[in-house]
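In full-length UniProt numbering, the protein residues as written are 1 to 580.
In this text, a Cβ means the ideal position worked out from N, Cα and C, and glycines have one as well.
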């Protein structure tokens, strides 16, 4: 039976002495507060531990915990989180993966560890194993791999646990990747002592976003050498215990803001990692070294996380402040936390609270936009949004802003709240809906509301369609009003059944509710998406665009759709082709 109580500080009966992991199977058969405990397992040569089980086995309810013995003192029990990082289907990692498991956990120079599991009727998965990973703190000149046999079984289960030693690449350490423009410095794999991959990870066609993680291990590292040792051990656990091609993360960042290259070629390719189940493809996985559910992140760490994300997303024209559809089909912000796509606390409450800051840093951390490109985008935005050539003042100021790191979508938002754009939007809405110019009071009121964000231009159109004036000019009867809405808003003639459905609702629900029903319909959204494509890209929307953007338009408004279009590589390429 499961129990919520934690095991006592000392198990009863307490183990008289620790057991040698090479001596054979370790049976977890001491019952304490609804949990089963193993004897203490010697870890004098290991610094990282994890629990694994056969790939696909049901580990629900296992609730593994670990504590470590250092200088004769036992630590508190720590939950070993079940890893929500599985390879994406069809990848080399998926083909190679051998075992499911927990996240790895750093125990440092502990003398022994002890495991605790929730007592279950079936004893948990068969072949439950403890992985012990060891490496030297200092990088050796040559590498070797040592293995030994040990086992730590769940209740009433047996299985082998392999003691693995993290080996090292024998390649000569390379220099830190030199900064070019805004590229952050990155410690290479050779520098931190990475092993060679055991299989070649797949590469996506492009990056669509970034997933922020924490390793959920110890924060006790005090030198960069110790940080690199943790990373080496994590790589060994991912390769040897889990069966992946390489370390799961694309990049790792320590508490001092040092960035480490994770999977090989992640600096230049959209390498598919193993860091977020069903969200690995098309994302760059950046993990903060440590547990940031228990301690706050550091400013240097957050700065570096934002910088490496900004650099990698900029290579694919992705705006870190935006949102979009991932290869999995999810529509999410471009920079998310692991918990946004999984049942996990990752990247910890302190780490997750920094996502806004990370996005902001990332938005100004890509390579500087060439002035010629910035001028071209500014020129196209003026023509598309204001219907006129750009003036010299606007060209100079907005181009400089983009060279300095402002995204094209932010420029578009600035133009959309300008007096010129707001005035034109109000004038156009009055003429399109009511067939007349706005009166002085109307133009002043609505222009000011759009400029200060109290109203969107589409909100004004909804208000005008629901006005008494529009009802009167459309025929002054509910049937004629509905027919006029179909003609104006959907561009087609209403059928008898259409009028029969909507006309009574004008009386019972009111004109405003009926207008919003039309406006929020998928038919209306499809029409408006096509209009935006024509306005900004000079073409109709393709099938992928029509599958993606109408729901986004209904949920987030026309400003979001505009930001996504003008922030796209296609828009930039069109601007450069026309104005450079």
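Cβ-based burial, residue i [other Cβ within 10 Å; buried from 16]
i           : result
residue 438 : buried
residue 51  : buried
residue 578 : exposed
residue 567 : buried
residue 570 : exposed
residue 475 : exposed
residue 285 : buried
residue 193 : buried
residue 251 : buried
residue 280 : buried
residue 522 : exposed
residue 468 : exposed
residue 198 : exposed
residue 2   : Unreliable placement is indicated for residue 2, whose pLDDT of 35 sits below 50; the coordinate value is still reported in the next sentence. Residue 2 comes out exposed.
residue 68  : buried
residue 371 : exposed
residue 61  : exposed
residue 88  : buried
residue 580 : exposed
residue 137 : exposed
residue 472 : exposed
Through-space distance from residue j to residue i, alpha-carbon basis
i           : j           : result
residue 84  : residue 386 : 48 Å
residue 576 : residue 389 : 15 Å
residue 118 : residue 314 : 46 Å
residue 376 : residue 368 : 15 Å
residue 565 : residue 330 : 18 Å
residue 216 : residue 544 : 38 Å
residue 393 : residue 400 : 11 Å
residue 530 : residue 490 : 12 Å
residue 446 : residue 342 : 43 Å
residue 410 : residue 442 : 28 Å
residue 360 : residue 412 : 17 Å
residue 144 : residue 347 : Any reading at residue 144 needs caution, since the residue's pLDDT is 32, under 50, leaving its predicted position unreliable; the model's value is listed next. The alpha-carbon atoms of residue 144 and residue 347 are separated by roughly 33 Å.
residue 79  : residue 261 : 28 Å
residue 456 : residue 273 : 40 Å
residue 424 : residue 535 : 15 Å
residue 220 : residue 295 : 11 Å
residue 408 : residue 374 : 8 Å
residue 435 : residue 322 : 36 Å
residue 37  : residue 311 : 47 Å
residue 239 : residue 546 : 41 Å
residue 452 : residue 459 : 14 Å
residue 227 : residue 104 : 14 Å
residue 404 : residue 282 : 27 Å
residue 354 : residue 338 : 13 Å
residue 506 : residue 481 : 9 Å
residue 255 : residue 304 : 10 Å
residue 24  : residue 264 : Any reading at residue 24 is ruled out, since the residue's pLDDT is 45, under 50, leaving its predicted position unreliable.
residue 426 : residue 414 : 17 Å
residue 158 : residue 53  : Note that residue 158 scores 23 on pLDDT, short of 50, meaning its location in the model is unreliable; the coordinates nonetheless yield the value given after this. In a straight line, the C-alpha of residue 158 is about 11 Å away from that of residue 53.
residue 185 : residue 244 : 27 Å
residue 179 : residue 345 : Since pLDDT at residue 179 reaches only 30, below the 50 mark, its modelled position is unreliable, and no value is offered.
residue 223 : residue 398 : 44 Å
For residue j and residue i, believed in contact at Cβ under 8 Å, the rounded distance
i           : j           : result
residue 382 : residue 207 : With a Cβ gap of about 30 Å, residue 382 and residue 207 do not count as contacting.
residue 511 : residue 466 : 4 Å
residue 483 : residue 461 : Not confirmed; about 18 Å, so no contact.
residue 297 : residue 356 : 13 Å between Cβ atoms; not a contact.
residue 532 : residue 492 : That belief does not hold up - the Cβ atoms of residue 532 and residue 492 are roughly 20 Å apart, past 8 Å.
residue 130 : residue 49  : 6 Å
residue 205 : residue 270 : 7 Å
residue 211 : residue 114 : Not confirmed; about 33 Å, so no contact.
Per DSSP, cross-strand counterpart(s) of residue i
i           : result
residue 508 : Beta-bridge pairing links residue 508 to no other residue.
residue 117 : 36
residue 287 : 213, 252
residue 101 : 52
residue 323 : 333
residue 183 : According to DSSP, residue 183 bridges with nothing at all.
residue 259 : 253
residue 67  : 114
residue 129 : 52
residue 74  : 69
residue 79  : 65
residue 469 : DSSP lists no partner for residue 469.
residue 203 : 271
residue 86  : None; residue 86 has no bridge partner.
Contained alpha helix (DSSP H) runs [length at least 4] in the segment 401 to 451, N- to C-terminal order:
Restricted to the segment 401 to 451, the alpha helix (DSSP H) segments that are unbroken, complete and at least 4 residues in length are 408 to 416, 419 to 434, 440 to 451, listed in chain order.
Quick one: which unbroken alpha helix (DSSP H) runs of 4-plus residues sit fully inside the segment 358 to 390? Chain order, please.
Fully enclosed alpha helix (DSSP H) runs of 4 or longer: 371 to 381.
Continuous alpha helix (DSSP H) assignments of at least 4 residues falling wholly in the segment 491 to 544
Counting only runs that start and end inside the segment 491 to 544, the alpha helix (DSSP H) elements of at least 4 residues fall at 496 to 508, 511 to 519, 522 to 537.
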